[in-house]
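Q: Residue numbers (the working numbering), protein chains in the order written: chain W, 264 to 556; chain B, 264 to 556; chain U, 264 to 556; chain R, 264 to 556. Backbone N, C-alpha and C fix where the C-beta goes; we use that ideal spot for every residue, glycine too. Just so it is clear, the structure is predicted and the values come from calculations on it, not from any experiment.
Right, here's the structure in full:
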């Protein structure tokens, strides 16, 4: 018997993720604040709930994929919120990106309902969501995560078990920090190489031929070459995440000297008005400091 | 007609590189300060020169792969040095790692001889030297680099043309900087993740499954997991390179805020006595700053 | 007619400040959670209130000098709190160190009472509190600050008007940041000088003879010379303030590259277990990174 | 019997320093590459040498105050250089700002002449040179420094003995580093305060009233207020010194995390075209990173 899935949040990520659940044969009921976004999924066979509570009542596994804490709070605890229909026989999986501390707070709020709570943010953006190749970073009871792995693997290629609820988010933050560190490093070296008279083509050719080659550099190189930064992961979102992770490191007493250095560089990028461009626009911050011609 | 190759410097890198030239069918004459190191190559068919000048007289293309400027200076301009036998009908290729400024100085010193000078440091260490999969970063006259590509490709899998003599070294320095930035970033994030309660296995699993995965992380992860750092690229050598590249950036006026930050971290590693361990021992510098238990 | 003053919080700072108000001829009523601390002031002529509300009822100008937001919240809004007795005919002056954002929140909470609210944290510690030589950093309505200046100048040598309520705290945070930057700079240079073979005496003699000489260096030099750091301003308190100011700078988008750098150094000091020593123990963080002998 | 003084280098600093020697009653002979600059001193009673060698022959104590190593090398070892006339009965005092390593090299070069060599750079610029209130940072044999103190004190208010020849320069570099750290800190805090809504007047008033008040802040505040930076100590000169001191720290293994951070900020200032403005123009680097209006 397949789980009945309730899916809330039909944005750029949520829509293909719900579609992949349908393709895998799960019965899926969806909810979105703007119901017109649900139409394509309804055509593919999804049911449509009139409000989150109705969705939670009618399904076993309730998944949320929304923009942040406020939207999530509304879905759960607003009028006709899903929270009122969660119970110990159900599972609630939050796949939205939120902080570990918010996740732990959420776990406490959900406790009285008896629901099994799993936090499962994803590594990957639009394309992997469509391809079902997301990496799913799961926190919560290990047996429940294992039991629900087939559901998760309908949306992603891998589930990494990270520990108690909140640790999925912690993992996501760590990965995002590494994204920002490597992106800045890539931009810093390319900018230096250019000022040192090397062609960007030769530089990229060298990086791509050796042990530093990675998927992210492959994807972002064109932005740096064309000096245009269409937003896949907006610089301001990364900056918010980086602030969060630096704050977390501060609480832990973890030494993060480079995270501090890049945080102020990315923040400068936002201050200069480039927050809506891609995270790779950190290159513009460095160029802003280049010698005047 | 294949070029007659003279190869000077039979260390960890030079020996397999010369062997690969022999395998590719080139006539090779070798020279090494300690002549006993030449024995295996002589068995494979190489000729043995009694001094650098003899080697340079007897060959068309003279290659040097030694530890640095001093050793190179001795080979070229010491008693019976190769310099005295170089002429406009010959090619001299320096594959040793030296700075761009030293390379440009060398180019000026060689100019009166009329020799064609190519600087061609390599990206890759022992294993790629043995496999013939080095990346060769070549600076010098573009037509000559093209003409000599078959020789270079006997030792490597790719030749990247970088510009005038000195730019091969510049490229190498840029790549090394990226190595150091990424290595520190990897160590910083893994250390933070551990203090934040994530298992190193889960963290590595996540990195290796996504777009940040790269060959270097694959190779160095075991060091971080086992907390042992057998030297592939010694931390003190990287630190010397990093100092050089930061100095170069200073001259160029290139903004390298993170290079500055990591330079002092790596220097601290040397000061703490870890210079002979692998560059990945930067992890120990961060642990040294971790909260006392 | 002199204002009737109510003074809450009789710690290291509050006791001498209240005593200076008495000396200046003001009628003073005091309150402290542990009433035994009030005895010396009662001997000097102060009245003793049994709870904050009684104090606020009986006086015109209510001053608080406590350890932070929690203590302040209790005094104002706890059982028999002063908040219930504040009205538009009275003035409330918070001299405790709290953040600008907390101060603005406090201003909103107090608004319904109609009380005039002034935030007036101080620059200076125990000795200036005793001598009446504090610098008072005042935020609030400018005319009211002017009117109350005689009261403030009974406790300090100068009142700096900083703007609306909250700006006194903002000023305090900025001054504390400068303290931390200069203290780290002083320690960094002295440590370098020592490693470079200069005697600490000669170094200090030079600093003290020139345009960099300042009161803080004079006071802290002995700590660095003796390598003992008795807490005047504990390192952990500075670290908390520095985190706050870096967070504020982040919100404002203000570039604070050095504040970021020192924040992680001071945080490392706390992580190493030196948080209860003086802020000048930042010298120990640098020594921890010195070359192993 | 007063020493006969030879003074080479009559720039902004040298001219008033030589004048002060004359005022103190010393017989002074001067030399300058452009002899017209010597006219005012000749009017005050100085002798004029036609070349450095003549000057060194005719005097006991030869002082140099020139722009750097090249000028100094010319004076000593160029045609008719002073070097040829130095001997064990004479003293050579270099007061020009040069590096400790250059100074040690100079000491080795002078050794064969038998001359007593003292390095004595100064802390202070034009005004203190005129007032005779320079701080003189002396390295060399301690007894000779003591013997020559009256000569030095004719030009300054204090002589700090720093150790062997080279340590005077080391001290100067350390003091300059502290100048740069404090100047950046002052600018960083003032910029933050302004973005946080504090008036610059209130901020300065607070700094000047407390234990952070120092002569340098007093002198530089007007630059920051008026946003004009007339060069007293040009930003590019400080940047050169800072590079030197960071290099020295690197050699020593001394941890200088903030020096690294500020070095790249000052270097950015030069790259932006502000190198000829005063060191306090570091404020412009921070403003360049401020949020776009």
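Does residue 555 of chain R come within less than 9 Å of chain W when only Cβ atoms are used?
A: Yes, its Cβ sits closer than 9 Å to a Cβ of chain W.
Q: What whole-angstrom Cβ distance do residue 477 of chain U and residue 490 of chain R have, given they're in contact under 8 Å?
A: That belief does not hold up - the Cβ atoms of residue 477 of chain U and residue 490 of chain R are roughly 25 Å apart, past 8 Å.
Q: Select from the segment 518-540 of chain U all residues with a C-beta closer than 8 Å to any C-beta belonging to chain W, and list them in chain order.
A: Of all residues in the segment 518-540 of chain U, 518, 519, 520, 523, 524, 526, 527, 530, 531, 533 and 534 have a Cβ within less than 8 Å of some Cβ in chain W.
Q: If we require 3 or more residues per run, which beta strand (DSSP E) segments fall completely within the segment 369-400 of chain R?
A: With a minimum length of 3 residues, the continuous beta strand (DSSP E) runs that stay inside the segment 369-400 of chain R are 379-382.
Q: Does the segment 453-466 of chain R come close enough to the segment 432-452 of chain U that 3 or more CB-CB pairs lie under 8 Å?
A: Yes: at least three Cβ pairs fall under 8 Å.
Q: For a test of your reading of the model: does the CB of residue 267 of chain W fall under 8 Å from any non-hydrogen atom of the ligand COA? Yes or no.
A: In the structure shown, the ligand COA is absent, as is every other ligand, since no ligand is present at all.
Q: Answer with yes or no whether the minimum CB distance from residue 510 of chain B to chain R is below 9 Å.
A: It does; some Cβ of chain R falls within 9 Å.
Q: With which residues is residue 326 of chain B paired in a DSSP beta bridge?
A: In DSSP, residue 326 of chain B forms a bridge with B/270 and B/356.
Q: Any chance the segment 518-530 of chain W sits against the segment 518-536 of chain B, with 3 or more Cβ pairs inside 8 Å?
A: At 8 Å Cβ cutoff, the stretches touch.
Q: Residues of chain R with CB closer than 7 Å to the CB of residue 430 of chain U, please, in chain order.
A: Here the neighbours are 460 and 461.
Q: Hey, is residue 552 of chain U's beta-carbon within less than 9 Å of any beta-carbon in chain B?
A: Taking Cβ atoms only, chain B reaches closer than 9 Å to residue 552 of chain U, which makes this a yes.
Q: If you run the structure through DSSP and keep just helix, strand and coil, what is residue 487 of chain B?
A: Here residue 487 of chain B sits in helix by DSSP.
Q: Check whether the Cβ atoms of residue 534 of chain W and residue 554 of chain R sit closer than 9 Å, and answer yes or no.
A: Yes, these two residues count as a Cβ contact at 9 Å.
Q: Would you mind reading off the limits of the alpha helix (DSSP H) that contains residue 408 of chain W?
A: From DSSP, the alpha helix (DSSP H) with residue 408 of chain W extends over 405-416.
Q: Cα separation between residue 354 of chain R and residue 452 of chain R?
A: Distance between the alpha carbons of residue 354 of chain R and residue 452 of chain R: 46 Å.
Q: What are the complete beta strand (DSSP E) segments, minimum 3 residues, inside the segment 299-347 of chain B?
A: Those beta strand (DSSP E) runs which fall completely within the segment 299-347 of chain B and span 3+ residues are 324-327.
Q: Buried or exposed for residue 358 of chain W, going by 16 or more other Cβ atoms inside 10 Å?
A: Label assigned to residue 358 of chain W: buried.
Q: Using C-beta distances below 6 Å, list every residue in its chain close to residue 508 of chain B, excluding the 5 sequence neighbours before and after it, in chain order.
A: Result list for residue 508 of chain B: 436 and 440, in chain order.
Q: Within a Cβ cutoff of 7 Å, which residues of the same chain sit near residue 279 of chain W, ignoring the five residues on either side of it in sequence?
A: Excluding sequence neighbours, residue 279 of chain W sits near 392 and 393.
Q: Determine the chain W residues that contact residue 423 of chain B at a beta-carbon separation under 8 Å, and present them in chain order.
A: What residue 423 of chain B touches in chain W: 465, 468, 469 and 472.
Q: So what does residue 292 of chain U bridge to, in DSSP terms?
A: U/269 and U/310.
Q: Specify the secondary structure class of residue 493 of chain U as computed by DSSP and reduced to three states.
A: Of the three classes helix, strand and coil, the one that applies to residue 493 of chain U here is coil, per DSSP.
Q: Among the candidates R/377, R/356 and R/387, whose CA atom is the shortest distance from the CA of residue 408 of chain R?
A: Comparing Cα-Cα distances from residue 408 of chain R to each of R/377, R/356 and R/387, the minimum goes to R/356.
Q: Express the C-alpha separation of residue 422 of chain R and residue 288 of chain R in angstroms, rounding to a whole number.
A: Each residue's Cα considered, the two are about 19 Å apart.
Q: So residue 542 of chain R packs on residue 443 of chain R, CB below 8 Å; how close in whole Å?
A: Indeed they touch by this definition, with Cβ atoms about 7 Å apart.
Q: Per DSSP, what are the beta-bridge partners of residue 424 of chain U in this structure?
A: DSSP lists U/401 as partners of residue 424 of chain U.
Q: Pull up the distance between the alpha-carbon of residue 417 of chain U and that of residue 473 of chain R, whole angstroms please.
A: When rounded, the distance between both Cα atoms is 17 Å.
Q: Please report whether the beta-carbon of residue 395 of chain B lies at a distance below 9 Å from any beta-carbon of chain R.
A: Output row for residue 395 of chain B: interface = no.
Q: Using CA atoms only, rank isn't needed, just tell me which of W/344, W/264 and W/514 is closest to residue 502 of chain U.
A: When only C-alpha atoms are compared, the closest one is W/514.
Q: Taking 9 Å as the threshold (beta carbon to beta carbon), is residue 341 of chain U in contact with chain W?
A: Closer than 9 Å: no.
Q: How many Å lie between residue 260 of chain U and residue 405 of chain U at the Cα?
A: Outside the shown range of chain U (264 to 556) lies residue 260 of chain U, about which nothing can therefore be said.
Q: Is the beta carbon of residue 273 of chain W closer than 9 Å to that of residue 316 of chain W?
A: No, the pair does not count as a contact, with Cβ atoms beyond the cut-off.
Q: Using a C-beta cutoff of 9 Å, does residue 513 of chain R count as contacting chain B?
A: Answer yes: the Cβ-Cβ gap between residue 513 of chain R and chain B drops below 9 Å somewhere.
Q: Which value, in whole angstroms, describes the spacing of the CA atoms of residue 512 of chain R and residue 530 of chain B?
A: Spanning the two alpha carbons is a distance of roughly 10 Å.
Q: Any idea what DSSP makes of residue 277 of chain U, helix, strand or coil?
A: Note: residue 277 of chain U maps to helix in three-state DSSP.
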